[in-house]
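Comments concern the structure below.
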Amino acid sequence: MITYTGAMGTCAGVGLLLLVGLGYRLVWRPGPLPGWEGWALSLGSLGAISTALGLHMTLTWPLTLEGEVYKNFVFGEPILILGVLLLAAARWVWRRGPELAEGVDGLVDVVYAACRPVAVIILVQGAVLASNLVGAVNYKIFSTAPVQEPIFGTWPEPVVSIGLYAIVLALPALGALLLPVGVWLRSRPVLATAGAAWVAAGVGLTLAGVVVYGAHIAMDFNFRS
674 MITYTGAMGT
684 CAGVGLLLLV
694 GLGYRLVWRP
704 GPLPGWEGWA
714 LSLGSLGAIS
724 TALGLHMTLT
734 WPLTLEGEVY
744 KNFVFGEPIL
754 ILGVLLLAAA
764 RWVWRRGPEL
774 AEGVDGLVDV
784 VYAACRPVAV
794 IILVQGAVLA
804 SNLVGAVNYK
814 IFSTAPVQEP
824 IFGTWPEPVV
834 SIGLYAIVLA
844 LPALGALLLP
854 VGVWLRSRPV
864 LATAGAAWVA
874 AGVGLTLAGV
884 VVYGAHIAMD
894 FNFRS
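Read in order, the letters of the sequence shown correspond to residues 674 to 898 in our numbering.
Right, here's the structure in full:
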């Protein structure tokens, strides 16, 4: 069944990249943030799309092909939570816009204070992603793409599986588990490691989502032929 996993992948990937970029600007390079409206609008747009698609997949389980069913919660629930967090981040940026534009003193402390309770949600989500990773590897859930699907169904299975394990679960989980530690301890090395994991995941998810669009066109065409 052709679904909207391409949109989910690209929104999640770009969303992670924007979150890391915003964190870098607010914590590593504190000062005036020109164009804060753009940050808020971008985060809000991606959050709205991710929330809608993640909620639909979570509630309806549209993936029905053999071996694909359990991907509904592996994809849907994390995307739903990410979407809500992106919306929350957009709301925070919009509310703090004038302060961000001026780069007022003490803003870094405000950012850390706002992130501490949110870090609890992110930590639990990191544990969920790690749990999904163990189950995915155990039952090889990323080795079931049909041969009609280019790349994901035709490239060597170990290459595809390891790549998807990394960008969908392992790297996002690593970043989500480390980020709360970095926030609570205000540790730049830990935050940098978490950010690097999310950047790698963001780039990978974005590219995978882009590839999925063309692959699903070919897949649909081959199934109908």
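By construction, the Cβ of each residue, glycine as well, lies at the ideal position given by its N, Cα and C atoms.
What you are looking at is a predicted structure, and each value in this text was computed from that prediction instead of being measured.
At what residues does the alpha helix (DSSP H) containing arginine 919 begin and finish?
This structure gives no information on residue 919, because the portion of the chain shown stretches from 674 to 898.
Would a C-beta distance cut-off of 8 Å place threonine 683 and threonine 879 closer than the cut-off?
yes
Buried or exposed, going by whether 16 or more other CB atoms sit within 10 Å of the CB of proline 751?
buried
State the DSSP-derived secondary structure class of proline 853, mapped to helix, strand or coil.
helix
Nonlocal neighbours in the same chain, by C-beta distance under 7 Å from phenylalanine 815, ignoring five residues either side:
Ala809, Val833, Ser834, Leu837 and Tyr838
Determine the direct distance from the alpha carbon of leucine 802 to that of glycine 694, and round the result to whole angstroms.
22 Å
Excluding sequence positions up to five away, which residues of its chain have a Cβ less than 6 Å from the Cβ of leucine 850?
Gly799
Give a yes or no on whether the C-beta atoms belonging to glycine 770 and glycine 720 are separated by under 8 Å.
no
Buried or exposed (CB count within 10 angstroms, at least 16 for buried), proline 790:
exposed
Coarse secondary structure for methionine 674, derived from DSSP in three states
Only weak support exists for where methionine 674 lies, its pLDDT of 49 falling under 50; the value from the coordinates is given anyway. The answer is coil: DSSP assigns methionine 674 none of H, G, I, E or B.
Using 10 angstroms around the beta-carbon of asparagine 811, count the other beta-carbons present and answer buried if the total reaches 16, otherwise exposed.
exposed
Taking one C-beta from the stretch 773-786 and one from the stretch 722-734 each time, how about it: are there three or more such pairs within less than 8 Å?
no
What would DSSP say about threonine 879, mapped onto helix, strand or coil?
helix
Find out if the Cβ-Cβ distance for the pair glycine 696, glycine 727 is shorter than 8 Å.
no
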